[in-house]
Amino acid sequence: YAASEPVQLVALHGPLAEGEATGQPIWSPDGKTKFALTFVDTQQSSGTWNFAGNALAVHTKNPEQFTVSYTVVAGQ
Numbered sequence: 196y197a198a199s200e201p202v203q204l205v206a207l208h209g210p211l212a213e214g215e216a217t218g219q220p221i222w223s224p225d226g227k228t229k230f231a232l233t234f235v236d237t238q239q240s241s242g243t244w245n246f247a248g249n250a251l252a253v254h255t256k257n258p259e260q261f262t263v264s265y266t267v268v269a270g271q
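Under the numbering used here, the first residue of the sequence shown carries the number 196, and numbering increases by one thereafter.
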């Protein structure tokens, strides 16, 4: 990945079964389906990341817009 500023990487795992959301950070697209979140705060604007999960996200805590380019190579 290459971003215009240091970013935080997030892996999403799920959907979670009933009761699995307790005690961990989660995200829900609809208020019912829940995904666990794994945060990786590299404090870097570029690099590589090997992850396992259902989806990934890239964000910053900076309110200004940023850009990011990434490549995904999927394996089984």
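For each residue, glycine too, the CB sits at the ideal point set by N, CA and C.
Item                                                                                                      : Value
Residue burial classification, Lys229 (beta-carbon count within 10 angstroms, cutoff 16)                  : buried
Selection from Gln239, Val268 and Phe246 that minimises the alpha carbon distance to Leu232               : Phe246
Which of helix, strand or coil DSSP assigns to Ser223                                                     : coil
8 Å Cβ cutoff met for Ser264 and Ala206                                                                   : no
Opening and closing residue of the beta strand (DSSP E) in which Gln239 lies                              : Phe230 to Ser241
When His208, Val202, Thr262 and Lys227 are compared against Gln219, the one with the closest alpha-carbon : His208
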